[in-house]
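> Below: one structure in structure tokens.
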Amino acid sequence: MPEDRAASAPATDTVETARAKMLAAVRPLTPEPVDITAAIGRTLAETLQAARSQPPFRSSAMDGYGVRAADLAQGPFTVLGEAQAGKAYPGTVGASGAVRVFTGAPVPEGVDVVVPQERARREGDRVWLEAPAPQRTNIRAAGIDFKAGEELVQRGTRLNARHVALIAAAGIGWLSVTRRPRIAVLATGNELVPPGTPAAAHQIFDSVSFALLAMLEEWGGQPKRGAVLRDEAGAIAAATRQALEDADLVVIIGGASVGDYDLVKPALVRLGLSIAVPRIAIRPGKPTWFGTLRGKPVLGLAGNPAAAMVCAHLFLRPLLEALLAREPD
278 MPEDRAASAP
288 ATDTVETARA
298 KMLAAVRPLT
308 PEPVDITAAI
318 GRTLAETLQA
328 ARSQPPFRSS
338 AMDGYGVRAA
348 DLAQGPFTVL
358 GEAQAGKAYP
368 GTVGASGAVR
378 VFTGAPVPEG
388 VDVVVPQERA
398 RREGDRVWLE
408 APAPQRTNIR
418 AAGIDFKAGE
428 ELVQRGTRLN
438 ARHVALIAAA
448 GIGWLSVTRR
458 PRIAVLATGN
468 ELVPPGTPAA
478 AHQIFDSVSF
488 ALLAMLEEWG
498 GQPKRGAVLR
508 DEAGAIAAAT
518 RQALEDADLV
528 VIIGGASVGD
538 YDLVKPALVR
548 LGLSIAVPRI
558 AIRPGKPTWF
568 GTLRGKPVLG
578 LAGNPAAAMV
588 CAHLFLRPLL
598 EALLAREPD
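One gets this note's numbering by counting positions in the sequence shown from 1 and adding 277 to each.
Next up, the structure:
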């Protein structure tokens with residue numbers, strides 16, 4: 278490289294340094310309330326604790342008869358009533374007493390074993406019971422799933438179906454989640470045309486922006502793709518200025534190197550872009566850059582699909598997770 282080119286070449290950051298600079302430039306977005314039916318895939322903004330134990334009572338693990346274990350060698354038992362799921366037996370079971378219980382029903386006071394109905398022979402209000410397997414009470418303890426005050430889901434967790442079930446079991450209908458980041462995706466290049474449209478012999482179909490849309494959606498973002506931009510400084514500046522009005526993060530594909538038609542950084546510098554990461558010591562993806570413009574982060578990815586995909590995982594995903602205040606998946 279000629280001496281004057283080497284002297285003017287921008288600094289190159291390591292992957293770790295570049296990522297640290299990027300993450301230092303973003304702040305988590307504000308939380309918003311959502312109904313539990315809309316919670317899947319969202320990022321929890323505050324740690325959830327159980328207000329009460331689950332189940333809040335001892336419950337029967339099967340259909341059968343609840344009795345005192347000390348009375349099992351005796352018989353027959355007098356059936357005093359029944360307990361159903363959602364309806365408890367109101368009294369206390371004493372000597373030689375039995376209560377017909379169904380799966381999920383509250384276990385009556387005095388009962389410490391449920392004998393399965395397969396081991397019972399009933400005639401009217403009398404029932405003969407065979408003792409269940411040793412050490413098996415067939416009773417689920419109160420709070421066996423979780424206890425009152427127990428932490429259920431930590432802040433920063435991306436919610437999946439298991440989390441939603443746990444939250445619902447705790448009786449929580451509304452929760453606070455981080456707003457989904459709005460991310461503008463802009464592709465540049467005279468050679469690009471959108472899929473589904475005719476392409477001239479010298480043109481190629483834009484694939485990177487569509488891949489990024491899918492990745493961002495999968496990661497929990499709210500992406501929006503702009504029209505393919507020609508390699509013209511004015512068009513690039515105008516599209517970026519418009520994207521910044523609504524987006525929390527702007528991603529620009531292509532125009533990131535030092536060729537005659539790599540106009541993205543010069544066009545945005547004239548708008549006030551402050552470049553924090555001029556390029557990165559990685560291959561593929563060395564032209565990747567990052568800066569802030571009008572207080573918002575802007576990430577530049579190389580137009581090469583392999584480089585763009587690699588750097589999206591290394592840098593775009595952590596930026597998204599930082600905006601969400603989310604623990605990495």
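For glycine and all other residues, C-beta sits at the position ideal for the given N, C-alpha and C.
Treat the numbers as computed from the prediction; the structure is a model and nothing was measured.
Just to confirm the assignment, what range does the beta strand (DSSP E) spanning residue 553 have?
In the sequence shown, counting from the first residue as 1, residue 553 sits at position 276. Residue 553 -> beta strand (DSSP E) spans 551-554.
> Does DSSP put residue 598 in a helix, a strand or coil?
For the purposes of this step, residue 598 is identified with residue 321 of the sequence shown, where counting begins at 1. Three-state DSSP puts residue 598 in a helix.
> Which residue's Cα is closest to the Cα of residue 433: 446, 324, 485?
Here residue 433 is taken as the residue at index 156 of the sequence shown, counted from 1. When only C-alpha atoms are compared, the closest one is 324.
> Round the Cβ separation of residue 455 and residue 305 to the nearest angstrom and send it over; I've been treating them as touching at under 8 Å.
Within the sequence shown, numbered from 1, the residue matching residue 455 stands at position 178. Within the sequence shown, numbered from 1, the residue matching residue 305 stands at position 28. Yes, residue 455 and residue 305 are in contact; Cβ-Cβ is about 6 Å, under 8 Å.
> Taking the alpha carbon of residue 397 as the reference point, which residue from 342, 386, 348, 437 has its own alpha carbon closest?
As a first step, residue 397 is located in the sequence shown; it is residue number 120 there, counting from the start. The option with the nearest alpha carbon to residue 397 is 342.
> May I have the straight-line CA-CA distance separating residue 399 from residue 442, to the nearest angstrom?
In the sequence shown, the residue the question calls residue 399 occupies position 122. In the sequence shown, the residue the question calls residue 442 occupies position 165. Approximately 38 Å, taken between the alpha carbons.
> When you compare the region 420-440 with the region 348-363, are there three or more beta-carbon pairs, one atom per stretch, that lie closer than 8 Å?
Contact fails: fewer than three Cβ-Cβ distances are below 8 Å.
> Using only CA atoms, which one of 515, 334, 501 lies nearest to residue 507?
In the sequence shown, residue 507 corresponds to position 230, counting from 1. Measuring from the Cα of residue 507, the nearest candidate turns out to be 515.
> Taking the DSSP output, what are the residues bridged to residue 572?
Indexing the sequence shown from 1 puts residue 572 at position 295. In DSSP, residue 572 forms no bridge with anything.
> Can you list, in chain order, the residues of its chain whose CB lies under 7 Å from that of residue 402, leaving out five sequence neighbours each side?
Start at 1 with the first residue of the sequence shown, and residue 402 comes out as number 125. Result list for residue 402: 355, 356, in chain order.
> DSSP three-state label for residue 582, please.
Start at 1 with the first residue of the sequence shown, and residue 582 comes out as number 305. The answer is helix: DSSP assigns residue 582 an H, G or I state.
> Could you check where the beta strand (DSSP E) with residue 455 kicks off and where it finishes?
By 1-based counting over the sequence shown, the position of residue 455 is 178. Segment 451-455, the beta strand (DSSP E) holding residue 455.
> Our contact map puts residue 681 next to residue 597 with C-beta atoms below 8 Å; I'd like the distance itself, whole angstroms only.
Residue 681 lies beyond the residue range present for the chain, which begins at 278 and ends at 606; the question has no answer from this structure.
> Just reading off the alpha helix (DSSP H) that residue 519 is part of, what are its end residues?
Position 242 of the sequence shown, counted from the first residue, corresponds to residue 519. It spans 510-521 - the alpha helix (DSSP H) in which residue 519 sits, taken as one unbroken run.
> Which residue wins for smallest C-alpha separation from residue 447, given the options 420, 549, 478?
Stepping through the sequence shown from its first residue, residue 447 is reached at position 170. Ranking the options by Cα distance to residue 447, first place goes to 420.
> Who are residue 406's beta bridge partners in DSSP?
The residue labelled residue 406 in the question sits at position 129 within the sequence shown. Note: residue 406 sits in a beta bridge opposite 397.
> Within 10 angstroms of the Cβ of residue 317, are there 16 or more other Cβ atoms? Answer buried if so, exposed if not.
Start at 1 with the first residue of the sequence shown, and residue 317 comes out as number 40. When all chains shown are included, residue 317 counts as exposed.
> Go to residue 444, then tell me how far its beta strand (DSSP E) extends in each direction, as first and last residue.
Numbered from its first residue, the sequence shown carries residue 444 at position 167. It is not in any beta strand (DSSP E) - residue 444 instead sits in the alpha helix (DSSP H) that spans 438-446.
> Compute the Euclidean distance between the alpha carbons of residue 570 and residue 605, then round it to the nearest angstrom.
Counting from one through the sequence shown, the residue named residue 570 turns up at place 293. Counting from one through the sequence shown, the residue named residue 605 turns up at place 328. About 26 Å.
> What first and last residue would you give for the alpha helix (DSSP H) that runs through residue 541?
Taking the first residue of the sequence shown as 1, we reach residue 541 at position 264. Run containing residue 541: 541-546, per the alpha helix (DSSP H) assignment.
> Helix, strand or coil for residue 292 per DSSP?
Counting from 1 along the sequence shown, the entry for residue 292 is found at position 15. Correct three-state label for residue 292: helix.
> Measuring alpha carbon to alpha carbon, tell me which residue in 461, 366, 567 is nearest residue 546.
To locate residue 546, count along the sequence shown from 1; it is residue 269. When each option's Cα is compared against that of residue 546, the closest is 567.
> Can you check which of these residues, 582, 564, 573, 554, is closest to residue 296 by C-alpha distance?
Taking the sequence shown and counting its residues from 1, the one referred to as residue 296 is at position 19. When each option's Cα is compared against that of residue 296, the closest is 554.
> Which stretch, first to last residue, makes up the alpha helix (DSSP H) that contains residue 485?
On the sequence shown, position 208 is the one that residue 485 refers to. Looking at the DSSP string, the run of the alpha helix (DSSP H) that includes residue 485 is 485-496.
> Just curious, the beta strand (DSSP E) that residue 499 is in, first and last residue?
The sequence position of residue 499 within the sequence shown is 222, counting from 1. That run of the beta strand (DSSP E) goes 499-502.
> Using CA coordinates, which residue listed in 345, 602, 490 is at the minimum distance from residue 609?
Given a span of 278 to 606 for the chain in the structure shown, any question on residue 609 remains unanswerable.
> Considering residue 526, what are the terminal residues of the beta strand (DSSP E) in which it resides?
The count along the sequence shown starts at 1 and reaches residue 526 at position 249. Segment 526-530, the beta strand (DSSP E) holding residue 526.
> Figure out for me which residue from 512, 390, 364, 362 has the closest Cα to the Cα of residue 375.
Translated into positions along the sequence shown, residue 375 becomes position 98. Of the candidates 512, 390, 364, 362, the one whose C-alpha sits nearest the C-alpha of residue 375 is 390.
> Please give the ranges of any beta strand (DSSP E) in the region 332-407, keeping only runs that are unbroken, at least 3 residues long and fully inside the region.
The qualifying runs are 341-344, 354-360, 374-378, 390-393, 397-400, 403-406.
> With H, G and I counted as helix, E and B as strand and the rest as coil, what does DSSP make of residue 248?
Any answer about residue 248 is impossible in this case: the structure gives the chain only from 278 up to 606.
> Going by DSSP, which residues form a beta bridge with residue 420?
Mapped onto the sequence shown, residue 420 falls at position 143. None; residue 420 has no bridge partner.
> Compare the beta carbon distance of residue 337 and residue 382 with 7 Å and say whether it is the shorter of the two.
Stepping through the sequence shown from its first residue, residue 337 is reached at position 60. Stepping through the sequence shown from its first residue, residue 382 is reached at position 105. Cβ distance < 7 Å, so residue 337 and residue 382 count as in contact.
> Answer yes or no: do residue 466 and residue 562 have a C-beta to C-beta separation smaller than 7 Å?
On the sequence shown, residue 466 is found 189 positions in, with the first residue counted as 1. On the sequence shown, residue 562 is found 285 positions in, with the first residue counted as 1. Against a cut-off of 7 Å, the Cβ pair of residue 562 and residue 466 comes out as no contact.
> My output table needs one value for residue 591: the three-state DSSP class, helix, strand or coil.
Residue numbering aside, residue 591 sits at position 314 when the sequence shown is read from its first letter. DSSP places residue 591 in helix when its eight states are reduced to three.
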